[in-house]
Structures are given as C-alpha cells and as structure tokens.
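Engineer: For the sequence shown, our numbering gives the first residue as 33, with consecutive numbering after it. Even for Gly, the Cβ is constructed at its ideal location relative to N, Cα and C. In this text, all values refer to a predicted model and were calculated from it rather than measured experimentally. First, the structure itself, so that you have it in front of you.
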Amino acid sequence: MIIDGKAIAAEVRAEVARRVATLKSRHGITPGLAVVLVGEDPASQIYVRNKGKQTMEAGMASFEFKLPASIDEATLLTKVRDLNADPAVDGILVQMPLPKTISESTVVEAIDPAKDVDGLHPMNAGRLSLGQGGLVPCTPLGCMILLAKSGATVAGADAIVIGRSKLVGKPMVQLLLNANATVTVAHSRTRDLAAACRRADVVIAAVGKPEMVRGDWIKPGATVIDVGINRLPTADGKGRLVGDVAYAEAAAIARAITPVPGGVGPMTIACLLQNTLTAACRRRGVPLPD
Ligand code: NDP
Numbered sequence: 033m034i035i036d037g038k039a040i041a042a043e044v045r046a047e048v049a050r051r052v053a054t055l056k057s058r059h060g061i062t063p064g065l066a067v068v069l070v071g072e073d074p075a076s077q078i079y080v081r082n083k084g085k086q087t088m089e090a091g092m093a094s095f096e097f098k099l100p101a102s103i104d105e106a107t108l109l110t111k112v113r114d115l116n117a118d119p120a121v122d123g124i125l126v127q128m129p130l131p132k133t134i135s136e137s138t139v140v141e142a143i144d145p146a147k148d149v150d151g152l153h154p155m156n157a158g159r160l161s162l163g164q165g166g167l168v169p170c171t172p173l174g175c176m177i178l179l180a181k182s183g184a185t186v187a188g189a190d191a192i193v194i195g196r197s198k199l200v201g202k203p204m205v206q207l208l209l210n211a212n213a214t215v216t217v218a219h220s221r222t223r224d225l226a227a228a229c230r231r232a233d234v235v236i237a238a239v240g241k242p243e244m245v246r247g248d249w250i251k252p253g254a255t256v257i258d259v260g261i262n263r264l265p266t267a268d269g270k271g272r273l274v275g276d277v278a279y280a281e282a283a284a285i286a287r288a289i290t291p292v293p294g295g296v297g298p299m300t301i302a303c304l305l306q307n308t309l310t311a312a313c314r315r316r317g318v319p320l321p322d
C-alpha cells in the first residue's frame, strides 16, 4: 500500500475546517495562528506562505510577521512576548532556522507553552515524555496519523525510529511508546543499523541521508514512514526530491510505505492547523468540537 499523505492531509485539514466552523458558530471563537519569519531564507518563505494560506482556508485567522535577519534576540523575544499576551493569537510558530546570532532554544522557551503549536517548548516535550498530552510536534503527530490510517498495528509492535532530533526523532519515540510499541531509537552511532531495522514492524526514517535505508533492511510486511526530504542534483538543475528510504526497493517488501514527496510532508502543516485548533479550545476552556 502506498500511504497517500496528500489525501490524508486534505482529510485532516477538512476535519479541522469543519470543527473551526462549529467553534465559531457555538462559541464565537476564531482560532488564530501567528507565524514569525526572521530573515529571507527562500525555503522558509515558502513554508510560511503555505502555512498562512492553509490557515485561512481552514477558517482560522493568520498573522504573519516578517523581521529582518539583522534583528537582535531581545527584539525577537519582545515580539514573542507580545504574541503571548495577544488574546487573538492561539498558536505561535517561530520559523526555524534562526540567524546564528539568536539562540533558538531561548526563543522557543519564551513562547507560552499553551500557544506552542510546534510542541518544542520543554514543558510540552516534558508532558509528552510523561504521557500527559501537551502540544505535540507536528511532523511526528502526522506520522502517527499516517500509521493509523494505513491500518498498521502499533500496540505491541517492534518499531524503530532512525534519528533522535528534538523536532522529529525524540517526540516520535515518545508517541510510539505512548501507543504501546516497543521502540528502538537509532542514530549515527548505532551499530548494525540494518539488522536493527530488519526486526522492526514499523520503521520511521528521519535521518536526512538520501535513500540510506535499503530494501533488504525492511522486514516483509513492515510499515515504513519516510520523513526524510533530500534534494538530489539533476542535469536540469531543478533537483529531485528523495526520502531517507530507497523507495522502489522498500516498496517491494513493505506492507505499506509513504512516498517522497506526497507522504509525510503534507501532514506537517495539516497537524499545525490541528494543534492550533487544540490550543484554541484548551486556552479558552471550551471542548474540542466533535
Ligand atoms: P537532524 O539532522 O536534526 O537529525 C538527524 C538524525 O539522524 C540525528 O539524530 C542523527 O544522529 C541521525 N543520523 C545521521 N546520520 C545517521 C546514520 N548514518 N545512521 C543513523 N542515524 C543517523 O534532522 P531532522 O530530524 O530535523 O530531520 C530529518 C529528516 O527529516 C531531514 O531529511 C529533514 O529534511 C526531514 N524533515 C521533514 C519534515 C517534513 O515535514 N516531512 C519535517 C522535519 C524534517 P545523531 O543524533 O547521532 O547525530
């Protein structure tokens, strides 16, 4: 089975839009997402534009703030604190990466945890590791939805997460543990990764190394979620996107697999919208609409 992330993300967005409409009609609440972009990184500009567009399509308010790369940390922290205090803002996302002169962790820690829709604040990371349900990072949340939609059995399964970043690998491990999988965490110092991978019923690849996971690393019948986005050079200069998994080889053996592009990628913004809706309801003390 090819897990169609594009279609599943569209379903999640439609579901969010439906709930936002209910929230508006029942409680007069319009959730708001503020995105702060520092500098002019072209990839970040595209992400921010897409986030704003999809936020509005879901019926939510979108606030965009573009700040020059030359600003200092104190100015950015003031902006974050203003957004913390703004009642119209339910979710705050500071687009990474930030200029080298600004500490990303200081900025993340300044965000009100109740508005931290990226789920990166230590309070939310801590809640996730305690199984207490704070706001969860969007990409791993998207992976869990893809697993569920593909019909994968997670409880009791052997899962491997390749990569241990704050953004993807670590929260992914916690989500799988909370869903009762037996989880192996692999990283650059793991010995015999191929053998560890071959034992896994669920493979989550979040490495950033093009096609590193080969077909013969996959256990027959496994479910493979490829988080990696890598651009390989092509003769026309446009480049070709590939994941961390050698797709054709792995697809021949896996039960289900996500393609790149069109797998995990589209889920990230869909889950950002879902987190914004969740944050809006929790902050304002109203139940999440059915
Ligand atoms: P990071 O670079 O932060 O982390 C990469 C992880 O992979 C590290 O834990 C590193 O180990 C591990 N690693 C590196 N080399 C190897 C190796 N040879 N064997 C095993 N593990 C290895 O990346 P991110 O987690 O931020 O992103 C991972 C990938 O996912 C990237 O391709 C990124 O573009 C993509 N991505 C996609 C998103 C989406 O929306 N689809 C969102 C976010 C990321 P160590 O800790 O030991 O250094």
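Pull up the distance between the alpha-carbon of Arg-315 and that of Glu-72, whole angstroms please.
Structural biologist: Residue mapping note: residue 315 aligns to position 283 of the sequence shown, counting from 1. Residue mapping note: residue 72 aligns to position 40 of the sequence shown, counting from 1. Taking the straight line from one Cα to the other gives about 32 angstroms.
Engineer: Give me the Cα-Cα distance between Ser-76 and Ala-286, rounded to the nearest whole angstrom.
Structural biologist: Counting from 1 along the sequence shown, the entry for residue 76 is found at position 44. Counting from 1 along the sequence shown, the entry for residue 286 is found at position 254. When rounded, the distance between both Cα atoms is 33 angstroms.
Engineer: State the start and end residues of the unbroken alpha helix (DSSP H) segment that holds Val-331.
Structural biologist: Here the chain comprises residues numbered 33 to 322, so residue 331 is not present and cannot be evaluated.
Engineer: Does the Cβ of Ala-93 lie closer than 6 angstroms to at least one heavy atom of the ligand NDP?
Structural biologist: Taking the first residue of the sequence shown as position 1, residue 93 is located at position 61. No, the beta carbon of Ala-93 sits no closer than 6 angstroms to any heavy atom of the ligand NDP.
Engineer: Do Arg-51 and Leu-273 have their beta-carbon atoms positioned less than 7 angstroms apart in this structure?
Structural biologist: Counting from 1 along the sequence shown, the entry for residue 273 is found at position 241. Counting from 1 along the sequence shown, the entry for residue 51 is found at position 19. Here Leu-273 is not near Arg-51, since their CB atoms are 7 angstroms or more apart.
Engineer: Quick check for students: name the residue ranges of the alpha helix (DSSP H) that lie wholly in the stretch 237-313, counting only runs of 4 or more.
Structural biologist: 279-283
Engineer: Closest to Val-80 by CA distance: which of Arg-196, Thr-62, Gly-91, Leu-99 is it?
Structural biologist: Locating residue 80 in the sequence shown gives position 48, counting from the first residue. It is Leu-99 whose Cα lies nearest to the Cα of Val-80.
Engineer: Expressed to the nearest angstrom, what Euclidean distance is found between the alpha-carbon atoms of Val-217 and Glu-243?
Structural biologist: Counting from one through the sequence shown, the residue named residue 217 turns up at place 185. Counting from one through the sequence shown, the residue named residue 243 turns up at place 211. Spanning the two alpha carbons is a distance of roughly 19 angstroms.
Engineer: Measuring only from the beta carbon, is Val-274 closer than 6 angstroms to any heavy atom that is part of the ligand NDP?
Structural biologist: Counting from one through the sequence shown, the residue named residue 274 turns up at place 242. Checking every heavy atom of the ligand NDP against the Cβ of Val-274, none is found closer than 6 angstroms.
Engineer: How about Thr-290 and Asp-258: do their beta carbons lie closer than 7 angstroms?
Structural biologist: Taking the first residue of the sequence shown as position 1, residue 290 is located at position 258. Taking the first residue of the sequence shown as position 1, residue 258 is located at position 226. Yes, these two residues count as a Cβ contact at 7 angstroms.
Engineer: How would you label Met-299, buried or exposed, when you count the other beta carbons within 10 angstroms and need 16 or more for buried?
Structural biologist: The sequence position of residue 299 within the sequence shown is 267, counting from 1. The residue is buried, with at least 16 neighbouring Cβ atoms inside 10 Å.
Engineer: Straight-line CA distance for Ser-102 to Asp-148?
Structural biologist: Your numbering for residue 102 matches position 70 in the sequence shown. Your numbering for residue 148 matches position 116 in the sequence shown. In a straight line, the C-alpha of Ser-102 is about 25 angstroms away from that of Asp-148.
Engineer: Any beta-carbon of chain B closer than 7 angstroms to the one on Asn-116?
Structural biologist: In the structure shown, chain B does not exist; there is a single protein chain.
Engineer: Under 6 angstroms from any heavy atom of the ligand NDP, does the C-beta of Leu-199 make it?
Structural biologist: The count along the sequence shown starts at 1 and reaches residue 199 at position 167. Under cutoff, so the answer is yes.
Engineer: Per the contact definition of three or more C-beta pairs closer than 8 angstroms, is the stretch 184-196 in contact with the stretch 228-240?
Structural biologist: yes
Engineer: Using alpha carbons as the reference points, say which of Val-48, Leu-152, Lys-56, Ala-226 lies closest to Glu-89.
Structural biologist: Taking the sequence shown and counting its residues from 1, the one referred to as residue 89 is at position 57. Here the closest residue by C-alpha is Val-48.
Engineer: What does Ser-94 pair with, by DSSP beta-bridge criteria?
Structural biologist: Counted from its first residue, the sequence shown places residue 94 at position 62. Looking at the DSSP output, Ser-94 sits in a beta bridge with Leu-65.
Engineer: Closest by CA to Met-33, which one among Ser-94, Ala-184, Leu-160, Ala-106?
Structural biologist: Against the sequence shown, residue 33 aligns to sequence position 1. With distances taken between Cα atoms, Met-33 lies closest to Ala-184.
Engineer: Which of the three DSSP states is assigned to Asp-73 in this structure?
Structural biologist: Residue 73 sits at position 41 when you count from the first residue of the sequence shown. Asp-73 falls in the coil class under three-state DSSP.
Engineer: Have a look at the DSSP bridge pairing and note the partners of Ile-192.
Structural biologist: Position 160 of the sequence shown, counting from 1, holds the residue named residue 192. Its beta-bridge partners are Thr-216, Val-235.
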